[in-house]
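A.B. asks: The structure's right below; bear with me while I get my questions together.
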Amino acid sequence: MPARLPLTVWRYVLADLWRLVLLTAAVLVTVLAFAAAVKFLADGKLGPLDTLKFMLIAMVPMLQYALPFAAGFSATLAYHRMAADNELLACHAGGVGHRTLLTPAALSGVVMAIVLATLSSEVIPKFLRGMQQLVTEDATRLMVAEINRGQAVQMEDNTLVYADSVERLPPDSSGAAQRLWLRGVLVVKLDDNGQVEVEGTAREAFVWFFPAGSAERRTLVQMHAREFLGRKRGEATTESSMDLQYSVPNAFADDPKFYGFRELRSLRRRPEALPQIDSQRRWLATMLAERATVGQIQSSLQLDANISMRDSLDQPVVLRASNLEWDDARKWYRILPDTPGGPVEFERMLDGGRSQIQQSRSAWLRSLPSVEAGERGVSFEVRMEDVTTMGSSSDPTIDSGGAVTGQKLNKVVSGLTVSANPGPEYFSKSAVELLELADQRVAEFDWDTPVREPRDKLRTRIENLMREITSKQHERLAMSVACLVMVLTGAVMAVRLRDGMPLHVYLWSFFPALAAVLSISAGQQLVHQHGLPGLSLLWGGVAALSLFTFFEYRRMARH
């Protein structure tokens, strides 16, 4: 290092280097952004204006790959021109060494590495999210548009839903990404031959949109129609509500690549913040709450021979029986009568202190998956066969519009919840807490597969998420370090091969740099799939490029 720093030379090199960096990076990001947008333009997912908007958004994420190569290319051209014009030779004659001449490249590399690390950690994820949302088929937007045009919404299972009006609702505790409120609903379900199988009307319906797993790239849509009046194959149905469920492909799914550095750290502590994990967490919470609620019902029936419940209209009802018995063939709980051979009683409390009692010789109970489970807890459905109604019958009830006393029918009452429902307690727990509870239950009841399956899937998804977070964090850091090394590689090769053609010189630094980037990308996928062993490949490319640059520098310094 000379006694006096060659500031004039440094300013000259820095100006030439950064001019080339800005020009090259601008060209590269424009080309890469257009290449990313052209597929969606050809597929018809983007119009001309949306394509331009997509390209502008894509330019920032493309800097993650464009900036390192632009930096290496610019360093090669800037130093090769100085070497070819013997400017570096003149500096050497004036006592300026190789390390001093490479200082502008090193400083520029450090600055660009810091800039790229900041962009990768805080800025690029937000732009990636914007790109994905721009080309995603929004299930909510499609449904709203079809209803506003007066068209029926077609679901996967040959079901058509028409509504007079639709309104967006704010998020609730169900975990749904979006909610809709439909009024004046008509539902028609066709069989495989195109014949009407089920048809009916409802005063209103609520629709929830849940993001599914990240690998599935689908949105789960659930609809609950209230005050439903329908017919099934020409006969009136007894259901007072109707639940529909289907999924929409190609919908936006959240992903760790859309999260910044601090958000990834928070996601590692609270994995349920990712919608895909939260959906799995809610499934496990539903199974645990269902088991706890069934146990509560059985205990109450065994001790008091009755259980107090509330229906979907929040009216009190009382079920009188002795116990529940699981029927594995039917997948329902058989409700056992209080006395052998006697009836199962279902009493409904009406206004004015009146009551209505329905007796059934055969009754069944099952739990219902509910999108409102976070608020109301697990709900149940009771199906009664050969029912006799006694007591007041003048008022419409949830399962019939004014049943006739003494008439024998099959009855279905859904939306039942117990008074002291443990459901909300489970839904408020984190994924880690639910896994601990599930482990305890599976250890106690080895046969409890309904809890085992969601527990195993939740644990698998969390482990996969942890590996993906690690892979993303290391990938972003490795690309930033590679940017610094690529600048030094380009500068060193330009000085060492000063007699070669510029393109030939650049290829000597381009291919090792390309191998390092490919190694980072492959290592990121390996870490995501298999964990920490993949870090050796992820960082191996950067280490190899650094060693290559170091040995080339040593060869250059000997001359």
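Counting in the numbering used here, the sequence shown runs from 53 upward without gaps. All C-beta atoms, glycine included, are put in the ideal place defined by N, C-alpha and C. Bear in mind the structure is a predicted one, so any value in this text is a computation, not a measurement.
1) Is there contact here, the stretch 521-538 with the stretch 167-181, by at least three beta-carbon pairs under 8 Å?
2) Compare the Cα-Cα distances from Pro395 to each of Ala158, Gln185, Ala357 and report the closest residue.
3) For Ser266 and Glu520, what's the separation of their Cα atoms in angstroms?
4) For Trp378, is the classification buried or exposed, using 16 other Cβ atoms within 10 angstroms of its Cβ as the cut-off for buried?
5) If Arg28 sits next to Glu397, beta carbons under 8 Å apart, how far is it from one beta carbon to the other, in whole angstroms?
6) Where DSSP assigns a beta bridge to Tyr385, which residues make up the other side?
7) If we call anything under 7 Å between Cβ atoms a contact, is Tyr64 one with Ala543?
8) Could you pull out every residue in the same chain whose Cβ sits closer than 8 Å to the Cβ of Pro113, ignoring the five residues on either side in sequence?
9) Can you tell which of Leu72, Arg71, Leu104, Pro389 has the C-alpha that lies nearest to the C-alpha of Ala87?
10) Which residues mark the beginning and the end of the beta strand (DSSP E) in which Tyr311 is found?
11) Under the three-state reduction of DSSP, which class applies to Ser480: helix, strand or coil?
12) Helix, strand or coil, according to DSSP, for Phe258 in the structure here?
13) Grab the span of the beta strand (DSSP E) containing Asp365 for me, first residue to last.
14) Over the uninterrupted beta strand (DSSP E) stretch that includes Asp216, give me the two end residues.
15) Can you tell me where the alpha helix (DSSP H) with Leu355 in it begins and where it stops?
16) Gln408 and Arg400 - do their beta-carbons sit closer together than 7 Å?
17) Using a Cβ-Cβ cut-off of 7 Å (strictly less than) and excluding sequence neighbours within five positions of Ala609, which residues of its own chain qualify?
18) Just checking, does the stretch 64-76 make contact with the stretch 118-131 on the three C-beta pairs under 8 Å criterion?
19) Measure the beta-carbon distance from Leu186 to Phe310 and round it to whole angstroms, keeping in mind my assumption that it falls under 8 Å.
20) Spatial neighbours of Asp243 within its chain, please: C-beta separation below 8 Å, excluding the five flanking residues on both sides.
21) Going by beta carbon distance, what residues of the same chain come within less than 6 Å of Leu154, once the five residues before and after it are set aside?
22) Could you check the C-alpha separation between Thr601 and Leu590 for me, to the nearest Å?
23) Excluding the five sequence neighbours on either side, which residues of its own chain have a C-beta within less than 7 Å of the C-beta of Ala483, listed in chain order?
24) Near Arg255, which residues of its chain fall below 6 Å by C-beta distance, leaving aside the five closest residues on each side in sequence?
25) Name the one or two DSSP bridge partners that Trp233 has.
26) Between the alpha carbons of Gln206 and Val273, how many angstroms are there, rounded?
27) So, for Asp28: in the same chain, excluding its five sequence neighbours on each side, which residues have a beta-carbon less than 7 Å away from its beta-carbon?
28) Could you have a look at Gly265 and say whether DSSP puts it in helix, strand or coil?
29) Expressed to the nearest angstrom, what Euclidean distance is found between the alpha-carbon atoms of Ser588 and Ala565?
30) Can you name the start and end residues of the alpha helix (DSSP H) that Val79 belongs to?
31) On the DSSP bridge list, what partners appear for Lys463?
C.D. replies: In this structure, then:
1) Contact between the stretch 521-538 and the stretch 167-181 is present, with at least three C-beta pairs closer than 8 Å.
2) The residue from Ala158, Gln185, Ala357 with its alpha-carbon nearest to that of Pro395 is Ala357.
3) Low confidence applies to Ser266: its pLDDT is 42, below 50, so where it sits in the model is not reliable, and the reading given next is rough at best. Their Cα atoms are separated by approximately 12 Å.
4) By the 10 Å Cβ count, Trp378 comes out exposed.
5) Here the chain comprises residues numbered 53 to 611, so residue 28 is not present and cannot be evaluated.
6) Bridge partners of Tyr385 according to DSSP: Trp378, Leu417.
7) For the pair Tyr64 and Ala543, the CB atoms are not nearer than the 7 Å cut-off.
8) The residues are Ile176, Phe179, Leu180, Met183.
9) If we check each option's Cα against that of Ala87, Leu104 comes out closest.
10) Neither: Tyr311 is in no beta strand (DSSP E) and is coded neither H nor E.
11) Note: Ser480 maps to coil in three-state DSSP.
12) Here Phe258 carries a strand assignment [DSSP, helix/strand/coil].
13) Note that residue 365 corresponds to Leu in the displayed sequence, not to Asp. For Leu365, there is no enclosing beta strand (DSSP E), as DSSP gives it neither H nor E.
14) Residues 211-221.
15) Element bounds for Leu355: 327-356.
16) A contact, by the Cβ cut-off of 7 Å.
17) In its chain, beyond the 5 residues on either side, His150 have a beta carbon closer than 7 Å to the beta carbon of Ala609.
18) With the cut-off at 8 Å, the stretch 64-76 and the stretch 118-131 touch.
19) The pair is not a contact, with the Cβ atoms about 13 Å apart (cut-off 8 Å).
20) For Asp243, where only same-chain residues beyond five positions count, the Cβ hits under 8 Å are Asn210, Glu249.
21) Taken in chain order, the residues that qualify are Ala543.
22) Each residue's Cα considered, the two are about 18 Å apart.
23) Result list for Ala483: Pro323, Glu324, Ile329, Arg333, Leu510, Ile514, in chain order.
24) Excluding residues within five positions, the ones whose Cβ falls inside 6 Å are Glu279.
25) For Trp233, which the question treats as bridged, DSSP gives the partners Glu219, Phe258.
26) Whole-angstrom Cα-Cα distance: 12 Å.
27) Residue 28 lies beyond the stretch modelled for the chain, which goes from 53 to 611, so this question has no answer here.
28) Note that Gly265 scores a pLDDT of 49, beneath 50, so its modelled location is shaky; the value from the coordinates is reported in the next line. The answer is coil: DSSP assigns Gly265 none of H, G, I, E or B.
29) Computed Cα separation, rounded: 17 Å.
30) It spans 59-95 - the alpha helix (DSSP H) in which Val79 sits, taken as one unbroken run.
31) DSSP lists Met436 as partners of Lys463.
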